[in-house]
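Chains as they are written, first to last, in the numbering used here: chain Z, 1 to 509; chain Y, 1001 to 1509; chain W, 2001 to 2166; chain X, 3001 to 3166.
C-beta atoms are modelled at their ideal positions from N, C-alpha and C, and glycine is treated no differently.
Some notes on the structure that comes next.
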Amino acid sequence: MTLPLRKVLVANRGEIAVRVLRACREMGLATVAVASEADRHARHARLADETVVIGPAPPLESYLRIEAILDAARRTGADAVHPGYGFLAESAAFAAACRDAGLVFVGPAPATIRAMGEKTAARRAMAAAGVPVVPGAELPAPSADGELDAAAVRATAARVGYPLLVKAAFGGGGKGMRLVGDERDVIGAAAAAAREARKAFGDGAVYLERYLERPRHVEVQVFGDTRGNVVQLGERECSIQRRHQKIVEESPSPALTPTLRTRMAEAAVAAARAVGYVNAGTVEFLLDASGEFYFLEMNTRLQVEHPVTEWVTGLDLVRAQLLVAAGEALPWRQDEIVPRGHAIECRLYAEEPAHGFRPSVGRVLLLAEPSGPGVRLDSGIVAGDEITMHYDPLLAKLSVHGPDRAAAIARALTALCDYALLGVGTNAEYLQAILDHPAFRQGATHTGFIEEHLSDWKPGRPQDEDDALVAAAVHAGLVGPKSEDGESRTAAPPSPWSGLGRFRLRGLA
Amino acid sequence: MTLPLRKVLVANRGEIAVRVLRACREMGLATVAVASEADRHARHARLADETVVIGPAPPLESYLRIEAILDAARRTGADAVHPGYGFLAESAAFAAACRDAGLVFVGPAPATIRAMGEKTAARRAMAAAGVPVVPGAELPAPSADGELDAAAVRATAARVGYPLLVKAAFGGGGKGMRLVGDERDVIGAAAAAAREARKAFGDGAVYLERYLERPRHVEVQVFGDTRGNVVQLGERECSIQRRHQKIVEESPSPALTPTLRTRMAEAAVAAARAVGYVNAGTVEFLLDASGEFYFLEMNTRLQVEHPVTEWVTGLDLVRAQLLVAAGEALPWRQDEIVPRGHAIECRLYAEEPAHGFRPSVGRVLLLAEPSGPGVRLDSGIVAGDEITMHYDPLLAKLSVHGPDRAAAIARALTALCDYALLGVGTNAEYLQAILDHPAFRQGATHTGFIEEHLSDWKPGRPQDEDDALVAAAVHAGLVGPKSEDGESRTAAPPSPWSGLGRFRLRGLA
Amino acid sequence: MLLQFNTGNRLASLEVVQRDGCVLLDGRPVAVEVLDAAPGRLELRLDGRRRRVWLADTGALTHVCVDGRTFSLVRHTGDEESEDVAAGGPRVTAPLPGKIVKVHVQLGHAVEAGTPLLILEAMKMETEIVAPLAGVVQAVHAIAGATVAMGDPLVDIAPADAPPGV
Amino acid sequence: MLLQFNTGNRLASLEVVQRDGCVLLDGRPVAVEVLDAAPGRLELRLDGRRRRVWLADTGALTHVCVDGRTFSLVRHTGDEESEDVAAGGPRVTAPLPGKIVKVHVQLGHAVEAGTPLLILEAMKMETEIVAPLAGVVQAVHAIAGATVAMGDPLVDIAPADAPPGV
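Given below as structure tokens:
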């Protein structure tokens, strides 16, 4: 295969940068990583052939600086840019700047990103294409100093009806989103959402949307090429969310009947065709209890949860992204895309689920990762890394595949038992509680699942806590085993990190 | 799922014991490991709920001791035994002893193992079932003191024709096998093969088989249940062999046409049906250049290379083994088994390919393992392990899956680059040389591939050797980078293993 | 030898009974068998249960992961002063590093348990910090726009059932 | 500072030119940039090539893995005696631990390079040990049935072009 691409710059960090760099290596493409000063020695920075430091830790001074990234591409002679997800992935300005600089942007055209990026315009476009949208309304723009017209907000909200969601027009990932139960909270919520949106996406425009009761979040992966081919790669259900951010995703959705699956896939393809979609994209729907579904938004990039689709289809989405960006035809026909088995992804976050999911920070003192058949870990970290407040708290994604949903759940639970990260709080135990919950096992998932079932969850089952205490006592040297020669000696070496050889002890019967 | 099984004893060690224990954990089955004294702290011994030490390091005093294993099962209350591969996996006596002790044996009936285990009897049975067999002949039994009747050997060999193979009637895995080019060597080869066979399999019976020129080794995975269902799960090509032992396996075979694939699959199912086969088994064929194929032998157990089939079919063979052993019906119908993409497995051995593949021993000082999409590593070791002369030198199996053969090769090569094991010589670099060879890339594989293309292979490309030398100098403190504060300091900490925190250095542009 | 650890849920004490096989955990005997020990890893049998454990120390803190569940145990030294702050006394401190977006309260404000005190932004998320108890704001250390480190004082509250100024 | 390593293929010398950026490898300059260093791991840029390297020491031996290719480098100490044996001199030693199955030669036998000397069994495989050079068997240390450790002497051969007894 001779591609017009030779060297790809990955304009991202963490696990997704690692994922894209791996795909490039496998395709024989040279790679360039960009890194903030805090990330000079990060996993993604070490994996690339070349690494360019583009600025201080805060994203606005590094990963969001279009000029710095284009400059890195120029200096290294890169001829293509993969944006990953987040950061500049859905910036039409970035895509256009890449194109203007003579670089291949691995993603859709700037106009497509712009059209889908403004959620309000996207809603209008989809409605015009005959795709059902959630009832909602736009808000008047805030004043120059960021203040909203309170009366107008209240009037628009009354028209949409409570409960409702305030959403960032240019948002995504739950940022700049607020659920509002009644009129009293709508002004504060809209202001906070606008503030968050401005900070995260550079634009504070927000809109209101009817809040559906206990809907499921089901999305369809689509893929188009420059020859006019569009295919869909099946759905992912991403209903398990905290703070409007997905934490568990799966495919197939336990909620879809074959008929519903077909209808939703057709709607997704219609949506993609309506905007002449090229490269990987996702059409998100809300599915209500009656089986009606509504267009929510289209993400014009690779999703965090793309491994779920890779597992069930057996295809490599990043490889296809690079091929399509290079002008090749899609490597698959629709009839070659046949889902198989069941896949589940769990997002491992640096956060405290028992304390409102507040982010945790610190140094990764120890890291043990699961492996084995049907287990995949996409990780952006290594032991010794410092997890800081600067970036999204996503540490790694565990994804599994099994012959059916029950087997996939069992596999994910076993793998989570084998994941150990010490030094930084994670949601690993919380993820186990989700997967192990009877309602999850039954497939009774909806976007309020966590509030309904796990709002009062606490970590640390008593038996585990007791055993952890005894282990700490052994570690501290309180208890020692008999040595091979019968003499007693301490179980813990002077420091847990000193000494190469393992300290082996008698004890097995 | 409520199985009649509750607790499974895994009568094996290394990566296959780990593989089976993982499947049991995922199915909620309690587990018992057995370990030799040398293996008390081995990875498999630590993974099980309970571990029983069954004897000293030599297999004849531990893993091959039927009574010790049955005793371990009794003491722990296990109700089933999984034999893995090797050791007692193809011992009809062991399967029968398990059954007599009231234990479920995860494998076929003792009579099936016996019928297929004696290669000469198996050849006769297959010929009777209409499956083509390689032309060959049995040898008269050696005398009580192990001597062969030289005249009879020469006469039989002349009838079969040179070149020919001497093979152990109860053998497998290349042990007790010798290639003989002409009459001068036949007596010595037969004696050596008989000696090895007696030691490895407890029976020194050998037979002669026509040696096919440049054949491919293609095998078909079959699976039967106690209800009379038999399915096939496609083929694996395992032509890349050294010393008659497979080192690279793949599926699909680059040599099969759809017609040939169908014929071979039908022959494999006919073979399985002819012996009333239950559980996982493999029918091995030799495929010659003209497209004729011949039954070679049937392996009445899980194969080392089963991950290749798991990748392309998306199925879990060990899980199915346990279900079928519990009396369940096969979890798949033939029409549900649809291969997808391309999978390759590389066997990582503790050996020196440039020195006649002689086994290497020593302590694993450092171990870094590849991961990522489409990459699976089945490993039986951890850093700190001592690799001894007692057991098979298989350390781990790297298997990959990709959309097509070229992508799978690229993925395997990338993953091999990411595998680092220091302290014990391995064939990792040799495997890269195989996968990277133009003849392999073209699919021009046959069982003489290594002799033809890589007999004079030497490790250590000059550029890599130079770079390793410079790295060693940096490690020894000869060269040091500037530190963050501009001062020069040594790159290597006092010991490479002391200190938890990473030693971070300036240097990225 | 006696050890005490604060688990966050309780203060647990561990005492050795038999150096190679038994400890008292809060007075209850637990049979301990060490199957394997390596840097950062222990394999134990505790009252017959096989346990795979990962461990790491940072000063007084021992991080422990038991079969996928993680605990951060504070080695108890008897220093009651620091205990009080850790337990969430009348001083509200930053639960993580971040930037103060907005401060809702001023000196002398009466607050209920749950009253929003300020908004802290960390990892691009806004977190509302609320009063842990009813009382009167006695000091405001937080300034909008300022960056704070974990543990930095934000607001001091005089509990409602205590005389102000104490 | 000068270092010498035996790679098995050659004896290489390394000399520092500039402590933070250049070494001479066998007299040829190599630009070295250390991008990252952690226990057992180095990330280097060598003459512009990015290299991921894993390292481990065992005494005089440094094991190095460069992008999937492993080298065992012997730190050269100038002790010529041990060099000679390592290079495969007239003494044939056990290349790995195992059991002697059969000894083919006796004292005084003339052998060619490649003549089978004995059969060693290790890891259940029979390995034929052959004469590394032509000569006369001067000593047989191996006994059938005996277990040998790696490096144990098996057979001594007086080279054909040297007077016997030397």
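As a quick exercise: from W:2097, W:2007, W:2004, pick the residue whose alpha carbon is nearest that of residue 389 (chain Z). Here residue 389 (chain Z) is taken as the residue at index 389 of the first sequence, counted from 1. Nearest of W:2097, W:2007, W:2004 to residue 389 (chain Z), Cα basis: W:2097.
My guess is that residue 476 (chain Z) and residue 2003 (chain W) are in contact by the Cβ rule of under 8 Å, so how many angstroms apart are they, rounded? To locate residue 476 (chain Z), count along the first sequence from 1; it is residue 476. To locate residue 2003 (chain W), count along the third sequence from 1; it is residue 3. So it is a contact: roughly 6 Å between Cβ atoms.
Would you tell me roughly how many angstroms separate the C-alpha atoms of residue 1023 (chain Y) and residue 1233 (chain Y), rounded to the nearest one? Taking the second sequence and counting its residues from 1, one reaches residue 1023 (chain Y) at position 23. Taking the second sequence and counting its residues from 1, one reaches residue 1233 (chain Y) at position 233. In a straight line, the C-alpha of residue 1023 (chain Y) is about 19 Å away from that of residue 1233 (chain Y).
At which residue ranges does the stretch 1299-1354 of chain Y contain complete beta strand (DSSP E) runs of 3 or more residues, listed in the order of the chain? 1342-1349
Applying a beta-carbon distance threshold of less than 9 Å, which residues of chain W neighbour residue 1041 (chain Y)? Locating residue 1041 (chain Y) in the second sequence gives position 41, where the first residue counts as 1. Correct list: 2035, 2036, 2038, 2043.
According to DSSP, is residue 1249 (chain Y) part of a helix, a strand, or is it coil? Numbered from 1 along the second sequence, position 249 holds the residue referred to as residue 1249 (chain Y). Residue 1249 (chain Y) falls in the strand class under three-state DSSP.
With a cut-off of 8 Å, does the C-beta of residue 49 (chain Z) fall near any C-beta of chain X? Counting from one through the first sequence, the residue named residue 49 (chain Z) turns up at place 49. So, interface residue.
8 Å Cβ cutoff, residue 502 (chain Z) in contact with chain Y: For the purposes of this step, residue 502 (chain Z) is taken as residue 502 along the first sequence, with counting starting at 1. At residue 502 (chain Z) the pLDDT is 30, less than 50, meaning the model places this residue with poor confidence and gives no usable figure here.
With residue 322 (chain Z) and residue 5 (chain Z) assumed to form a contact (beta carbons below 8 Å), what rounded beta-carbon distance in angstroms separates them? Numbered from its first residue, the first sequence carries residue 322 (chain Z) at position 322. Numbered from its first residue, the first sequence carries residue 5 (chain Z) at position 5. Residue 322 (chain Z) to residue 5 (chain Z), Cβ: 7 Å. Contact.
Along the stretch 369-402 of chain Z, what residues have a CB closer than 8 Å to any CB found in chain X? 384
Please list, in chain order, the chain W residues whose beta carbon lies closer than 9 Å to that of residue 1363 (chain Y). What you label residue 1363 (chain Y) is simply residue 363 of the second sequence in a count that begins at 1. Correct list: empty, because the minimum Cβ distance to chain W is about 13 Å.
Touch check for the stretch 3003-3018 of chain X and the stretch 2141-2158 of chain W: three-plus C-beta pairs under 8 Å? no
Local Cβ density within 10 Å of residue 404 (chain Z), reported as buried at 16 or more and exposed below that: For the purposes of this step, residue 404 (chain Z) is taken as residue 404 along the first sequence, with counting starting at 1. With fewer than 16 Cβ atoms within 10 Å of its Cβ, residue 404 (chain Z) is classed as exposed.
What does residue 1426 (chain Y) touch in chain Z if you count any residue whose Cβ is under 9 Å from its own? On the second sequence, residue 1426 (chain Y) is found 426 positions in, with the first residue counted as 1. Near residue 1426 (chain Y) there are no residues of chain Z at all, since even the closest Cβ is about 18 Å away, more than 9 Å.
Does any CB atom of chain X fall closer than 8 Å to the CB of residue 1420 (chain Y)? Start at 1 with the first residue of the second sequence, and residue 1420 (chain Y) comes out as number 420. At least one chain X Cβ lies under 8 Å of residue 1420 (chain Y).
Interface flag, residue 1360 (chain Y) vs chain X, CB-CB below 8 Å: In the second sequence, residue 1360 (chain Y) corresponds to position 360, counting from 1. Yes, because at least one Cβ of chain X sits closer than 8 Å to the Cβ of residue 1360 (chain Y).
So residue 3006 (chain X) contacts chain Y; which residues on that side make the cut at Cβ distance below 8 Å? As a working note, residue 3006 (chain X) is residue 6 in the fourth sequence. Per Cβ cutoff of 8 Å: no residues; residue 3006 (chain X) is ~10 Å from chain Y at best.
According to DSSP, simplified to helix, strand and coil, what is residue 2007 (chain W)? Within the third sequence, residue 2007 (chain W) is the residue found at index 7, counting from 1. Three-state DSSP puts residue 2007 (chain W) in coil, outside helix and strand.
Residues that DSSP places opposite residue 3156 (chain X) in a beta bridge: In the fourth sequence, counting from the first residue as 1, residue 3156 (chain X) sits at position 156. In DSSP, residue 3156 (chain X) forms a bridge with X:3091, X:3139.
List in chain order: all unbroken beta strand (DSSP E) runs of 3+ residues lying wholly within the stretch 17-59 of chain Z. 30-36, 50-55
Minimum C-alpha distance to residue 2102 (chain W) - residue among W:2130, W:2075, W:2034, W:2157: Along the third sequence, one-based indexing puts residue 2102 (chain W) at 102. It is W:2130.
Would you mind reading off the limits of the alpha helix (DSSP H) that contains residue 110 (chain Z)? Reading the first sequence from its first residue, position 110 is the one you call residue 110 (chain Z). Taken as a continuous stretch (DSSP letters only), the alpha helix (DSSP H) holding residue 110 (chain Z) covers 110-117.
Give the interface partners of residue 417 (chain Z) over in chain W, defined as CB-CB distance under 7 Å, in chain order. As a position in the first sequence, residue 417 (chain Z) is number 417, starting the count at 1. Correct list: 2067, 2068.
In the DSSP assignment, find the beta strand (DSSP E) that holds residue 467 (chain Z) and state where it starts and stops. One-based indexing of the first sequence puts residue 467 (chain Z) at position 467. Element bounds for residue 467 (chain Z): not the beta strand (DSSP E) but the alpha helix (DSSP H), 462-475.
Check each candidate in Z:473, Z:467, Z:197 and name the one with the smallest Cα separation from residue 2066 (chain W). Taking the first residue of the third sequence as 1, we reach residue 2066 (chain W) at position 66. Comparing Cα-Cα distances from residue 2066 (chain W) to each of Z:473, Z:467, Z:197, the minimum goes to Z:467.
Chain Y residues whose Cβ lies nearer than 8 Å to that of residue 2010 (chain W): Counting from one through the third sequence, the residue named residue 2010 (chain W) turns up at place 10. Within chain Y, no residue comes near residue 2010 (chain W); the closest Cβ sits about 29 Å away, beyond 8 Å.
8 Å is my cut-off, CB to CB: does residue 46 (chain Z) come that close to chain X? Here the question's residue 46 (chain Z) lines up with position 46 in the first sequence. True, the Cβ-Cβ gap to chain X drops below 8 Å.
Could you work out which residue in Y:1078, Y:1064, Y:1431 is closest to residue 1051 (chain Y) when comparing CA atoms only? Start at 1 with the first residue of the second sequence, and residue 1051 (chain Y) comes out as number 51. The shortest C-alpha separation from residue 1051 (chain Y) is found at Y:1078.
Residue 1241 (chain Y) bridges to which residues according to DSSP? Here residue 1241 (chain Y) refers to the residue found at position 241 when the second sequence is read from its first residue. Partner(s): Y:1246.
Where residue 1453 (chain Y) falls: helix, strand or coil (DSSP): Within the second sequence, the letter at position 453 stands for residue 1453 (chain Y). Residue 1453 (chain Y): helix per DSSP, three-state reduction.
Grab me the residues of residue 1236 (chain Y)'s own chain with a C-beta within less than 6 Å of its C-beta, minus the 5 sequence neighbours each way, in chain order. The count along the second sequence starts at 1 and reaches residue 1236 (chain Y) at position 236. Answer for residue 1236 (chain Y): 1219, 1249, 1251, 1305, 1308, listed in chain order.
Determine, using beta carbons only, whether residue 1210 (chain Y) and residue 1283 (chain Y) come nearer to each other than 8 Å. Within the second sequence, the letter at position 210 stands for residue 1210 (chain Y). Within the second sequence, the letter at position 283 stands for residue 1283 (chain Y). Going by C-beta atoms, residue 1210 (chain Y) is not nearer than 8 Å to residue 1283 (chain Y).
Among Z:92, Z:364, Z:99, whose alpha-carbon lies nearest the alpha-carbon of residue 301 (chain Z)? The residue you call residue 301 (chain Z) lines up with position 301 of the first sequence. Minimum Cα distance to residue 301 (chain Z) is reached at Z:92.
Tell me the rounded alpha-carbon separation between residue 1287 (chain Y) and residue 338 (chain Z). Counted from its first residue, the second sequence places residue 1287 (chain Y) at position 287. Counted from its first residue, the first sequence places residue 338 (chain Z) at position 338. Cα to Cα, the separation comes out at about 31 Å.
Would you say residue 3080 (chain X) faces chain Y, with C-beta separation under 8 Å as the test? Within the fourth sequence, numbered from 1, the residue matching residue 3080 (chain X) stands at position 80. Residue placement at residue 3080 (chain X) is poorly supported in this model, since its pLDDT is 43, which falls under 50; the coordinates are not used for a value here.
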